[in-house]
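Structure record follows, encoded as structure tokens.
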Amino acid sequence: MSENKSMGNTKLKESRPLKEITKDNFDYPKFREIDGSHPLKKMVPEAVVEYQVRTRHGGQVAFFNFELAKEIGLITETHSHDLTKELKDEILNTFSLVIINEFDQMNNFNFPKEDIRPNTYMATRYLQLQHPCKKGTTSGDGRSIWNGQITNKGKSYDVSSCGTGATKLSPACNINKKFYQTGDPTVSYGCGYSEKDEGLSSLFFSEVLAKNGLETERVLAIIEFSKGLAINVRVHSNLLRPSHMFNHLKQNNLPTLKRMVDYYIDRQVKNKVWKNLPSDPLSVYDYFLMRIVETFAQMSASFEDHYIFCWLDWDGDNILMDGGIIDYGSVRQFGLYHHEYRYDDVQRWSTSIKEQKLKARYIVQTFAQIVDYIKNEKKKSIDDFKNHHALQLFDKRFFDFKNQNILTKIGFNGKIANSLLENHRKEVEEFRNDFTYFEMAKSVKGPQKVPDGINWNAIFCMRDIMRELPQLFLSRGMSSTIKNSEFLDIIKSSYATKADLKRSLRRDLKIKSFQKNYLKLINLASKRFKETPEKILLNVSMRSSIINKYDRVTGDSITTIVGKVMSRKPKLTAEEISIILKEFTEYQNLNPDKERKPSNFETEKEQSHLVKGMLQIVREYRDGI
Amino acid sequence: MKLVLYSGGSEEENFFLNQKALELTEVKSPKITLIPSSSYDAEDDYRFFVEEFSMFGVQRFMLFCVDIPYTKTVLHEALNSDLIFLGGGNTFYFLKHLKKAGMFKHFTKFLERGGVLCGLSAGAIVLTPHVHTASFPHFDRDENPWDMKNLSAMRVVNFEFFPHYKNSKRYDAELLHHSKKSKLPLYACADGGGIVIEGEQITFIGKTHQFYQGKKLTVSSYLA
Chain A
1 MSENKSMGNT KLKESRPLKE ITKDNFDYPK FREIDGSHPL KKMVPEAVVE
51 YQVRTRHGGQ VAFFNFELAK EIGLITETHS HDLTKELKDE ILNTFSLVII
101 NEFDQMNNFN FPKEDIRPNT YMATRYLQLQ HPCKKGTTSG DGRSIWNGQI
151 TNKGKSYDVS SCGTGATKLS PACNINKKFY QTGDPTVSYG CGYSEKDEGL
201 SSLFFSEVLA KNGLETERVL AIIEFSKGLA INVRVHSNLL RPSHMFNHLK
251 QNNLPTLKRM VDYYIDRQVK NKVWKNLPSD PLSVYDYFLM RIVETFAQMS
301 ASFEDHYIFC WLDWDGDNIL MDGGIIDYGS VRQFGLYHHE YRYDDVQRWS
351 TSIKEQKLKA RYIVQTFAQI VDYIKNEKKK SIDDFKNHHA LQLFDKRFFD
401 FKNQNILTKI GFNGKIANSL LENHRKEVEE FRNDFTYFEM AKSVKGPQKV
451 PDGINWNAIF CMRDIMRELP QLFLSRGMSS TIKNSEFLDI IKSSYATKAD
501 LKRSLRRDLK IKSFQKNYLK LINLASKRFK ETPEKILLNV SMRSSIINKY
551 DRVTGDSITT IVGKVMSRKP KLTAEEISII LKEFTEYQNL NPDKERKPSN
601 FETEKEQSHL VKGMLQIVRE YRDGI
Chain B
1001 MKLVLYSGGS EEENFFLNQK ALELTEVKSP KITLIPSSSY DAEDDYRFFV
1051 EEFSMFGVQR FMLFCVDIPY TKTVLHEALN SDLIFLGGGN TFYFLKHLKK
1101 AGMFKHFTKF LERGGVLCGL SAGAIVLTPH VHTASFPHFD RDENPWDMKN
1151 LSAMRVVNFE FFPHYKNSKR YDAELLHHSK KSKLPLYACA DGGGIVIEGE
1201 QITFIGKTHQ FYQGKKLTVS SYLA
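Set out below in structure tokens:
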């Protein structure tokens, strides 16, 4: 197999120009911007493999994200949520593509000229630990292409599609040292296709997480084909991952690495995510590093506290540069802090949720190495950065975010939380320690096999105690205590066995300490804001009932829900999926500050039966993985 | 026995009923619990419930959902309230879960010890002998996708209750038709109206109409 680093194909196929803008597609001019062009192709050509693409026939629009399309300016803000024939045609014309890959070229496949698009589309190169080459010379987008970039209201978004054909950057291609024909049934992931259920899982999961303020890629469209195959189109303001830089570092390729970092910085500035950069060109890299520290400290604290399992590793894959989630294949949200769960990836075990922080820290360490390399033009060993000040800052910021998160979980509003963080860090940490004690408790049963890996069940549901405790204090009065047996009755999850709930002196003391430190924070807030403790508690109670809702999605619940959507007869239309998704994500929006409709306590709930069924699934799996 | 049956309506419309319900507790700082008809979006209902009763100086609130698993501790605490408010929504769903949770026997004890039991719309209908009034009129009725056959309810009063009544021919036609078959009087209240029961005394708030054996009567109200 010959390695051509800059181009995927050696000889371009002849194409015919795309159809002119006619009355039929006049309404959607922004779709025309998504034509394979992307600034990265020019800025860092070594970082991409360009492919010619052709129309993939036989696709149907299974889903289109109207809200997201409006946000990125693809359709007008007043556009109805109807998938008209014109809009469908436009979506298919823009995204129903397949690459003309090396296998096609080698076998001289002839495709109709009118199907071949004039522009090339890029697959990007990045480091991936599952590749034999640990330097990232052969790895990257194995079954995706970047459709391009779209700008709206001064913000640019990357658009990419998964399932658009087998590239030469897939693990299968490099492990087996052969090019694959797109759709080759002998390889699964390496065949270049993706499936509709993958798209739907990403869709439901990412929309829920986005609603709850987490950075994530989002699904713009799903185009389905026969046999459950699909092209899943995704969007984010910047789809670069740390691994897009780490490969050049591993290859000691300073010029490319520097251009990639510069491209990223420039993009963040243009998107107004980063402001007030230092004027000194070299100091810009220090700024870059500090932003990375902040992002990864916040992201890893947030993942830990939301129980989000995202397989982070040294390669900087599976995560975006801005801490956003990408590739939902291995992403999960646990109902409890199942900190011993590991995914079985056949050749290796995944990291666990509590190890994510260490991996995020290592990513920061690698960025410290990158910045030093760029500034001094000499690459030092990664070990030289073990004690880098960026890592010390990461540790501090990680716990700052953990403290902030625990106050949010209690139900304090931003103002009170900030005041407690500034003035009573010790008291916040004392409560967090008590919280962690219960959160970390595991079943006496020990490690258990689960369908896709191994777990050692957590036994306590912290959301339940955080939701009920303020109510009980309000009801009984703040001078009362919750008995140990009552506390355990509330906090026990469906995983807790009788033996798990056995009392011990330590546990009894912790129950007392938990309540004492909880009330201490309420009283501190009361003093600071000159409100009665009861009033603070009432506010906390209302917010906490939303934040710590009984039923919150888990990975298993999403998988089951997608199965239900997929097997629905008659098949759900794209519009129906949109409506269901909106209802479902609204219900899973746990932001206590979101706008709420006035109620007379009898609003006839509008959930369709399918959504109600979905919420029932969420309930059934609420403690799981 | 202290009961308050609300038809429905806005915070302003129900001001008097809310005030009356709180007075019935005879407690300076009452503890009140909302039991919504469904846990779906109950947090939103809870927030507005708190806002509505906070204006009377109430500070001690609880939210208790019967359609999701709960602990004995939380159930006990809810029943220990001075006032329990049953929310509105789908009457059949609410009834199904109240029965499943065995709540009626708890409510009976709650009433016996002097607690105030309030119900709004569906929450009021479940206090009557059965929930047939949720099945009509055909243009505004609750869905019963669970196909519940046994529609018997708490039977804490010996009349039927029809909330959200609008004084119109099409409502009257169905209510009159129903009353011919029923042995119980049916009280229909418009939003903002309701019925207060304290021991042997029954008070109608707002214009109330009685439908009984095919006839319609207007009941003099306490506060027309």
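Chains as they are written, first to last, in the numbering used here: chain A, 1 to 625; chain B, 1001 to 1224.
Backbone N, C-alpha and C fix where the C-beta goes; we use that ideal spot for every residue, glycine too.
This structure is a prediction, so every number in the text was calculated from the model and none was measured.
Within the stretch 1135-1146 of chain B, those residues whose Cβ lies closer than 7 angstroms to any Cβ of chain A are, in chain order, P1145.
Between A/F66 and A/A221 a beta carbon distance of about 10 angstroms is seen, past the 8 angstroms cut, so the two are scored as non-contacting. Shown here, A/E198 sits in a helix according to DSSP, grouped into three states. Secondary structure note for A/P278: it is in no beta strand (DSSP E), with a DSSP letter that is neither H nor E. For A/R507, the uninterrupted alpha helix (DSSP H) run begins and ends at L505 to F529, by DSSP.
By the Cβ-count criterion, A/P255 is exposed, with fewer than 16 other Cβ atoms from all chains shown falling within 10 Å of its own Cβ.
A Cβ-Cβ separation of about 6 angstroms places A/A230 in contact with A/S194 under the 8 angstroms criterion. The C-beta distance from A/D551 to A/R622 rounds to 5 angstroms, short enough to meet the 8 angstroms contact threshold. In the DSSP annotation of this structure, the continuous segment of the beta strand (DSSP E) that includes A/V233 starts and ends at L229 to H236. In this structure, A/W314 places its C-beta atom within 8 angstroms of the C-beta atom of A/K359.
In the structure shown, A/V284 adopts helical secondary structure according to DSSP, grouped into three states. Looking at the DSSP output, A/A458 sits in a beta bridge with A/K442. Secondary structure note for B/R1141: it is in no alpha helix (DSSP H), with a DSSP letter that is neither H nor E. Sequence-distant Cβ neighbours of A/Q404 in its own chain, meaning closer than 7 angstroms and more than five residues away, are A417 and L421. When C-beta atoms of the stretch 1066-1075 of chain B are compared with those of the stretch 1012-1029 of chain B, fewer than three pairs fall below 8 angstroms, so the two segments do not count as touching. A/T164 and A/K270 have their C-alpha atoms some 29 angstroms from each other. In the three-state reduction of the DSSP assignment, A/P118 falls in the strand class.
In this structure, the straight-line span from the alpha carbon of B/L1175 to that of B/N1167 is close to 11 angstroms.
For A/R125, DSSP records a beta bridge to A/G140. Judged by DSSP in its simplified three-state form, A/A368 adopts helix. Take A/P533, set aside five residues on each side of it, and the residues of its chain with a beta-carbon closer than 6 angstroms to its own are M478, I522, N523 and S526, in chain order. Judged by pairs of C-beta atoms under 8 angstroms, the stretch 104-119 of chain A touches the stretch 40-55 of chain A, as three or more such pairs exist. Excluding the 5 residues flanking it on each side, A/D500 has same chain C-beta neighbours closer than 6 angstroms at S443, V444 and I459, in chain order.
Within 9 angstroms of the CB of A/S545, the CB atoms of chain B belong to A1042, E1043, Y1046, R1047 and L1063, in sequence order along the chain. With respect to chain A, the C-beta atom of B/S1039 has a partner C-beta closer than 8 angstroms.
DSSP places A/R463 within a helical segment (H, G or I) once states are collapsed to three.
DSSP places B/H1097 in the uninterrupted alpha helix (DSSP H) bounded by T1091 to K1100. If you ignore the 5 residues before and after A/E468, its C-beta comes within less than 7 angstroms of the C-beta of I490, all in its own chain and listed in chain order. For the stretch 491-513 of chain A, the beta-carbon criterion of a distance under 8 angstroms to any beta-carbon of chain B is satisfied by none of its residues.
For B/K1096, no CB of chain A lies under 8 angstroms from its own CB, so it is not counted at the interface with that chain. The C-alpha of A/D395 lies about 39 angstroms from the C-alpha of A/C173.
Under the 8 angstroms Cβ criterion, the stretch 481-495 of chain A does not count as touching the stretch 533-543 of chain A, having fewer than three qualifying pairs. The three-state reading of DSSP puts A/I326 in coil, since its state is none of H, G, I, E or B. For a Cβ distance threshold of 8 angstroms, residue set L538 and M542 of chain A lies close to B/V1050, ordered along the chain. Per the coordinates, the alpha-carbon of A/V273 lies some 10 angstroms from the alpha-carbon of A/D266. Put simply, the CB of A/Q471 is near chain B, with a gap under 8 angstroms to one of its CB atoms.
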